[in-house]
Amino acid sequence: MSGKGPFLTLAFVALCGAALAVASADVSPAGGPFDAAIEKAQQRVVKLYGGSLGREKGYGSGIVVSADGKIVTALSILLEGRTLRVVLPDGRRFPARIVARDRHRQLALLQIDAFGLPCFELKGSVHLRPGDWLIAAANPFKVADGPEPVSVSLGVLSGRTRLAARRHAQDFPYTGPVLLTDVIVATAGSAGGALVDADGNLVGLIGKAVTSKQTNTWLNYALPVEEVAAFLRESSAEPGREEPKTVGAKIIFALPVAPRPNLGIRLFDVGGRQPPPYVERVRPDSPAWHAGLRPNDLILSIDGQQVVTCADLRKAVNKLRPGRPVPLVIKRREEVVTLELTPEEPSP
Amino acid sequence: MSASAVAQDDDAALAAVRADEARRVAVFDQAAQVVVCIFADRELSRGGSGVIIHQDGYGLTNFHVVAEFLETRRGYGGLADGRLYPLRLLGIDPGGDVALFKLEGQDRFDFAPLGDSDQLHVGQWVAAMGNPFMVAEDFAPTITLGVISGLHRYQYGRGEEGSLLEYADCIQVSTSINPGNSGGPLFDLAGRVIGINGRASFDDGERRRVNVGLGYAVSINQIKRFLPALRAGRLCEHGTLGATVQLAGDELIFNAIQGLSAAERAGVQLGDELLVLAGRRVRTPNDVNNILATLPADWPVSISLRRDGREITTAVRLDRLPLRMPQPYVLDLEHNHAEVRKLFERYSSRPAAEAETGVGRPAWRCRFTQTIGEQTDTVELTVSWDATGTMRVERGGEGLTFELGDAVLVADVDAAPSAGWRNKTVWSEWQHITAPLLSPDMVGLGWELLGSDEVQGKIASIVEWRVADGQQIRWAFDYETGRLLEARVFDARHPGAVVWLPDPQPAPGRLVFPDRWTRQTGSGVRTVIEMVSDVEGTP
Amino acid sequence: MKCAPVNSTELPHKHSEVPLRRHGRHGRATRCASTPQSFRSTLAVITALACIPSLAAQDGDAVGTGSQPLLRQHQQQVFRAALRAVRPSIVRIDTIGGAQPVGRASPAGGGGAPVFRQADGPTTGLIWSADGYIITSSFNFIRDPSIITVTLHDGRRFVAKLIARDRPARLALLKIEARGLPVPRLLAREQLRPGQWALAAGCGHGSDSPAVSVGIVSAVDRMSGLAVQTDAKVSPANYGGPLFDLEGRVIGVCVPMGPGEDEIADAQWYDSGIGFAVDTDLVRSRVQRLKHGRDLQRGLMGVSLDTRAPVVGLTPKDPVDQPPTDGMRIDAEPRGPAADAGLRAGDVITRLDGIPVTRLPDLRRVLARKVAGDPLAVTYRRSQKVRTATLTLVSAEAFRKPAATQPK
């Protein structure tokens, strides 16, 4: 088919007039229910590029938390190379430096030399209930390049739990509260991305892909915004510190220790990975003895806290306060029995 | 809120959500009827999905689904009614991973309307339908719901230069897409097809080939440009400019131009900054790729450049990006001719009664107007056809006779404008252009549905008739409405083409034989043939 | 494509179900004085909206219910209420002891991919009857645990007994010694429509309340009629838990099902957006049998059939090429029950238990509802004569000799 002619030019003019509008915003006049939230999130999520190592990918996501260029992301090998780069939603590229690391929460704080950036407010996530809409904004598989908007996906809050997970066959350091979602965010490059509610408020930071110890499945979760806020407070209070101390009343993830002597319980600790808390011996006249605990009882829960392993029991016991009676649910042969246990003051 | 107020609030919420749910259920119920479970073999052991887009049973799927039966071009399609239909492969577009099939066994099929993928927005609800993991024993499609995660996405293709199964300007979705969904439709909530699902990102190594929330669909607007060629049963090829661009700072600069390429023909020079391509502002090489990879070979594109501070606009037809197929994809001429006939058959010859009785076509009073420069002359005359298609033009006792198949002599026209109504070339051309509209059965050897082109801003089906050595006529039909947009007459001995424009139809949707035809040549001579009334007097 | 108006009888929310039963704070169904009124307004709203087909031409969220933000807030409100409604009947299951099975069949087509291992966390079950029967998934017991405990919504904990497993449906029945337990409302399969909201809930993540996933009904008749398909995320976190609708009515019990051979193989497709729940009608019939305490196995006939589906419009050159239109032809000598019943190669099976079976899905659907030990009436045609035979289905173990063709 040869020949230009008047019709070609006509076509060009018509098309040009219609389409010179800048094609970056993805919001159409027709409108959808999540447009505003998506717009907000996409403006505040950045793309990260850095070094890769083995299975660790060299790309990820991050969230802007201050107008002057503070970015929070997941702690990762990709941050450690010399070529750490942040790409803003408008496509501008900046080198980034790490100003703080939190090995417990697996978070990192970056700084770029920019200003006037749209940023997330760190309000809270307690208003969310299971079933509430959540939007994930991140760059899995680095699908988006340069100024292209990051990917968004929709789901709900599934629930909340404390994280007990593994990453690459090792225990994952963070064991604090997490938001569970049914949006699949356990994908390469999503960590550090934003989880926002239907109004566009940040409620969580997408975590690194881990396998749940509870289900042996890839877990779709985010660190609640409260944890991110706590991280920022700690890193600004003590700039440059790598290992923040325990804050407030948070439980320190302690190594398993023997139960405090004043309870009087000796467990069948037969080793292996996760032995259940069977009672071997009860010291006479101890609080456990007074409660009615007997050898061969299996402890099911203490003070309302389910315990499935010896380690669970030790953790639960650490939280007990002397003088305060707590329910102790046990299984004795085929029966389930509830006892009352009152811990004593530790002996000097 | 009081307990009863809470109750009423809950009831109102439930009612609203139920109503919205019911709307969606109704739309999905309709849409599911047009989804095809495609199988390559009679044992139904492997296949994918597809969707019917035309009442004659034409449907879309991925090329990689039909690649399984490329040789036989025969497969099977199951519909939600539980029945299995024979499936015939027509056109293929390996570059874009699209193919067109025809379901047989029924005169008429339910079909889905096509949407407009340029009107989509991120976050809107979409549904994918198909046969993932082949669990649809009864061919009722699996429906998954999600949102649009991204637009204008790019997924690398395979093969040399990555041009096979390349997904440019594609739609990224969060609906669950799994093996078996390939070729199936992506619907908006109004039940319009906005894409064909074909790829997904999988976490290879860590998990198996299972959906992780990123699926990709070929946009329907890309597919629309290839539909005429797919209907023709052709192997489609994509276009290329024959040049590359790179980012220099914020500017997109041409850094390589192949000799004899479209870019060179367009006058593009090294160092030019590319601003707008095919009507879209471009900022990155990805933007350019996203546009070019969705266009057919030979497609006309406009290019806007900046050179030394000046803005230059040019236009050119894209080159072919050649495909290396293991075997040539032979054109099924019989099917192709049937498609040509369908295009002409949509026009009813007027009046139909005479054509049906075969008594002979009527005679028509016509007005012949010729304009050269400022001068316009009009005469009235009579045109009649006999049963064999021979045409006779008469005025005041003087007559000219034309047989179909006589060479269309472009040479005469400008040399003898004084011939006026006696200009044999004009009448011969008009006879040949209108003949198939009156008698679609004449379509046979020498005819071909070539494919698609952009004509008057619309996607058009192009039909060609090689009337004689070096002489062809090409008709352009609007793919969407079937309306004839123009007809062009080519003669190898003369550059350019003569263009005939039928008048736009007054009533959209009805295709009636055009009353008025305007002929334009490169030298500025304009001729109009207008059918005023039949000889008995009725217009 | 025309848009047919939806009249009120097609809606999943049947007005005959009204009054809308709400679960008040105490979990009891309450019939408020205001209910008849709200019913009328509900019906009016649904009918009015449903009969305006042109509304479907817009983006579904944008019209009919007022301003946009309201619908997504309403959806959240309804999802929360649905979870509240079904929650009392969801139980948490903890197991102690047992071992991962060894030498489990590798997944079909997996070729070296790791077999899924059940983890140590809690799992989920659903109260089936007020006297303590709990339905759950057999996946949760592949380790044959020595101790099973069930914790109710109110925190009470019981020791549970595993009564029996349903192998083909991936179900398991437990019993606890309790009375007056909250039983969920059920939804019948014929009320289901593809596209309606479907929520899955389970306790597998160990949090205080069940975790929920929201999706839709993807198909109503899958796995030979055993299951409903959903794109809600179904995984070990909710196997054994309910799939339910906007009002907390249970659609089915979530189980691992898929292209694999058993629940472990199928569990690999978790969270894929392809999830299955055994429908409540089937659960009801299976619970009756599981109560007897014996595991249920798939019932086999012993026939190998020409499974090709007839193709519409194909004129067969060779009559043998096109399968019979009135039934399914046996294409090899039958074994086991079919052989004992006198069936032979070449016979065309036209009905099973009186139900016409012209295509493989028809046949599978009848068989899937049955288990080994069940009787089956087979109507068949042999050279123009129609006969009936009754046979007893057997389990796969009954076929000792390996055969070239797989018995159906």
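Chains as they are written, first to last, in the numbering used here: chain G, 3 to 350; chain E, 2 to 540; chain U, 4 to 411.
Idealized CB from N, CA, C, for every residue including glycine.
Interface residues of the segment 66–86 of chain E facing chain U [CB-CB below 8 Å]: Result list: Tyr77, Gly79, Gly83, Arg84, Leu85, Tyr86.
Assigned exposure category for Phe287(U) - 16 Cβ within 10 Å defines buried: First, the residue type needs correcting, since residue 287(U) is Arg and not Phe in the sequence shown. Burial call: exposed.
Any C-beta of chain U under 8 Å from that of Asp11(E): Yes, Asp11(E) counts as interfacial toward chain U.
Cutoff 8 Å: Lys178(U) Cβ touching any chain G Cβ: Output row for Lys178(U): interface = no.
Given 8 Å, three or more beta-carbon pairs between the segment 78–98 of chain G and the segment 106–117 of chain G: Yes: the two stretches touch, three or more of their Cβ pairs being nearer than 8 Å.
Asp479(E) in three-state terms, based on DSSP: If DSSP states are grouped into helix, strand and coil, Asp479(E) belongs with the strands.
Given 8 Å, three or more beta-carbon pairs between the segment 475–488 of chain E and the segment 457–464 of chain E: Yes, the segment 475–488 of chain E touches the segment 457–464 of chain E.
Chain-ordered neighbours of Glu336(G) on chain U, where CB pairs are closer than 7 Å: Neighbours of Glu336(G) in chain U, taken as residues at a C-beta separation under 7 Å, are given in chain order as Val162.
CB-CB length for Thr295(E) against Leu253(E), believed under 8 Å: With a beta-carbon spacing of about 18 Å, Thr295(E) and Leu253(E) fall beyond the 8 Å limit used to define contacts.
Whether Thr163(G) touches Gly209(U) by CB criterion (8 Å): Going by beta carbons, Thr163(G) and Gly209(U) fall inside the 8 Å limit.
Between the CA atoms of Ser183(E) and Asp269(U) - distance to the nearest angstrom: Between the C-alpha atoms of Asp269(U) and Ser183(E) there is a straight-line separation of about 22 Å.
Min CB distance Phe29(E) to chain U below 8 Å: Yes, Phe29(E) counts as interfacial toward chain U.
Nearest neighbour of Ala169(E), chosen from Asp10(E), Val289(E), Val18(E) [CA to CA]: Closest by alpha carbon: Val289(E).
Segment contact flag, the segment 209–227 of chain E with the segment 295–305 of chain E, C-beta cutoff 8 Å, min 3 pairs: Counting Cβ pairs under 8 Å, three or more are found: they touch.
Backbone secondary structure at Phe112(E) - three-state DSSP: Assigned with DSSP and collapsed to three states, Phe112(E) falls in coil, not helix or strand.
Beta-carbon proximity of Val99(E) to Phe70(E), cut-off 8 Å: Contact check for Val99(E) against Phe70(E) fails: the beta carbons are separated by 8 Å or more.
Bridge partner(s) assigned by DSSP for Tyr280(G): Paired residues: Leu300(G).
Enclosing beta strand (DSSP E) for Cys257(U) [first to last residue]: That run of the beta strand (DSSP E) goes 253–258.
Arg285(G) at chain U interface by Cβ criterion, 8 Å: At a cut-off of 8 Å between beta-carbon atoms, Arg285(G) makes no contact with chain U.
Counterpart residues of Ser214(G) in DSSP-defined beta bridges: Paired residue(s): Ala167(G).
Amino acids of chain B, ordered along the chain, whose beta-carbon sits closer than 8 Å to that of Lys333(G): Of the protein chains in the structure, G, E and U, none is chain B.
Bridge partner(s) assigned by DSSP for Leu370(U): For Leu370(U), no pairing in a beta bridge is given by DSSP.
Contact with chain U by Ala14(E), beta-carbon distance below 8 Å: Closer than 8 Å: yes.
C-alpha gap between Pro132(G) and Leu202(U), whole angstroms: Distance between the alpha carbons of Pro132(G) and Leu202(U): 11 Å.
Within chain G, partners of Ile99(U) - CB distance below 8 Å: Per Cβ cutoff of 8 Å: Pro278, Leu300, Val310.
Length at least 4, wholly inside the segment 314–390 of chain E: the alpha helix (DSSP H) runs in chain order: Secondary structure remark: continuous alpha helix (DSSP H) runs of at least 4 residues inside the segment 314–390 of chain E, in chain order: 334–346, 353–358.
Segments assigned beta strand (DSSP E), at least 3 residues, entirely inside the segment 118–155 of chain U: Unbroken beta strand (DSSP E) stretches of 3 residues or longer found wholly inside the segment 118–155 of chain U: 126–130, 136–140, 150–154, given in chain order.
Chain-ordered chain E contacts of Arg225(U) [CB-CB under 7 Å]: Within chain E, the residues whose beta carbon sits less than 7 Å from that of Arg225(U) are Val136, listed in sequence order.
Buried versus exposed, by CB contacts within 10 Å (16 or more), Ala4(E): Answer is exposed; the Cβ neighbour count stays below 16.
Three-state secondary structure (DSSP) of His239(E): In the three-state reduction of the DSSP assignment, His239(E) falls in the strand class.
Assigned secondary structure, Pro327(G) (DSSP; H/G/I helix, E/B strand, else coil): Under the three-state reduction of DSSP output, Pro327(G) falls in the coil class, being neither helix nor strand.
With 16 other Cβ atoms within 10 Å as the buried cut-off, status of Pro352(E): For Pro352(E), the predicted model reports a pLDDT of 45, less than 50, meaning its position is unreliable and no value from the coordinates is stated.
Burial state of Gln108(G) (16 or more Cβ within 10 Å): Flag for Gln108(G) reads buried.
Beta bridge counterpart(s) of Glu465(E) as assigned by DSSP: BP columns for Glu465(E) point to Glu449(E), Arg475(E).
Interface flag, Met4(U) vs chain E, CB-CB below 8 Å: Annotation note: pLDDT 30 at Met4(U) (below 50); position unreliable, coordinate value reported separately. For Met4(U), the closest Cβ of chain E is nearer than 8 Å.
Residues of its chain near Ala263(E), where Cβ-Cβ distance is below 6 Å and the 5 sequence neighbours each way are ignored: Counting only Cβ-Cβ distances below 6 Å, and skipping sequence neighbours, we find Leu242, Gly243, Val317, Leu319, Asp320.
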